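Enquirer: Taken in sequence, the protein lines are chains A and B.
Counting from 51, one number per residue, gives the positions in the first sequence under the working numbering.
Counting from 51, one number per residue, gives the positions in the second sequence under the working numbering.
Have a look at this one.
Number of protein chains: 2
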Amino acid sequence: MEYGAHGYLISKGIRPSQQRIAVMDYLLTHRTHPTADEIFNALYPAMPTLSKTTVYNTLKLFTERGAVLCLDIDGKNARFDGDTRPHAHFMCKGCGCIYDLPLEEVEFVREEHIRNLTVTDVFLYMKGYCRECEEKMKSGNDS
Amino acid sequence: MEYGAHGYLISKGIRPSQQRIAVMDYLLTHRTHPTADEIFNALYPAMPTLSKTTVYNTLKLFTERGAVLCLDIDGKNARFDGDTRPHAHFMCKGCGCIYDLPLEEVEFVREEHIRNLTVTDVFLYMKGYCRECEEKMKSGNDS
DNA sequence: TTATAAAAATGTAATCGTTACAAATTTAAA
DNA sequence: TTTAAATTTGTAACGATTACATTTTTATAA
């Protein structure tokens, strides 16, 4: 099952406008968990009429419809992920990079504890330091 | 092992000023995952010289020293938790309430996947609707 | 096609949580 | 006490996001 952004949006019940396709395509082809601003800056050169508000509106719509994940991982910017399958995320507190991590299919929270809750989303975030930043800290450091 | 906020801060290597004790005490006695603003508003009446900046500075210090957890769960405000033991959180997308959830001691991510990463924090967030909000949505709704 | 309505995109201004910064105050050390 | 260091304070600034009114595009139907 392979679609492009256009077919993917339709499969999610989202009308595929030019702007929406561009944003979705960017997220499907860039697995860097970009911010709205990064997406805007990436698309703007080839789409000079694009508005930042449109990017925000589009990402909000995508998130509501389950077409993308909105990651509240750094408390500063929202980051977006075009891969909505269950997986964990690691963010480096040094350089800010974010990695995907495969998630084991185990019971994190026992069913009895969420029996009166309707769970729609689960996010597992790990924070720490990537290999590079760890090395930098070990050797000489802070200017 | 029982301390108050004062002893707790000392055990974390944090010098216990009047303001820091007040903030820490608030977090130890209110398990509502308050925002910085909520903490400020709660303490202000009894401490009219308190500055909001101090609350922010204090919470940042506490987080860095591992005395509290900073939850980036709603993408809007940072929320703080005086309980630093491993546990999960549930946030209702309707009313915004946040519940603690016991976390099973299982391997979420296989060791091999984080072998070149230094993990310092793990956050498990669940989102959805609490019982009350779920009921409200079922019966009549939106004004 | 043309008229009309609905949906989407746009740009500007506003909002609001948070941080920067410099001054004032408090605490610790000598 | 004197002096330095740490902490607190208030104001101003910052920056991500949203509100809002307007314009443009798209769909519908006459």
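Glycine residues also receive a C-beta, built at the ideal position from the N, C-alpha and C atoms.
Just so it is clear, the structure is predicted and the values come from calculations on it, not from any experiment.
(1) If you measure between the beta carbons of Arg-115 (chain A) and Leu-121 (chain A), is that distance less than 8 Å?
(2) For the alpha helix (DSSP H) that Lys-186 (chain A) lies in, which residues bound it at each end?
(3) Assuming Arg-236 (chain B) is part of the beta strand (DSSP E), what are its boundary residues?
(4) Asp-75 (chain B) and Gly-54 (chain B): beta carbons closer than 8 Å?
(5) In chain A, what lies closer than 9 Å to Thr-170 (chain B) by C-beta?
(6) Could you check whether the region 138 to 149 of chain A touches the region 168 to 185 of chain A, counting it as contact only if at least three pairs of C-beta atoms, one from each stretch, sit closer than 8 Å?
(7) Give the straight-line distance between the Cα atoms of Pro-66 (chain A) and Ile-60 (chain B), rounded to the nearest whole angstrom.
(8) Using only alpha-carbon positions, find the residue among B:Asn-166, B:Met-176 and B:His-139 that is nearest to Glu-184 (chain A).
(9) Relative to chain B, which residues along the region 74 to 91 of chain A have a C-beta separation below 9 Å, given in chain order?
(10) Report the neighbours of Ile-123 (chain B) on chain A: residues whose CB is nearer than 8 Å to its CB, in chain order.
(11) I want to verify the contact list: residues of chain B whose CB lies under 8 Å from the CB of Phe-140 (chain A), in sequence order.
(12) Skipping 5 residues on each side, what residues in its chain have a beta carbon closer than 6 Å to that of Thr-104 (chain A)?
Expert: Here's the rundown:
(1) no
(2) 181 to 188
(3) One cannot answer for residue 236 (chain B) here, as it falls past the ends of chain B, which runs 51 to 193.
(4) yes
(5) Lys-143, Met-176, Lys-177, Gly-178 and Tyr-179
(6) yes
(7) 58 Å
(8) B:Asn-166
(9) none
(10) Asp-122
(11) Ile-164, Leu-167 and Val-169
(12) Gln-69
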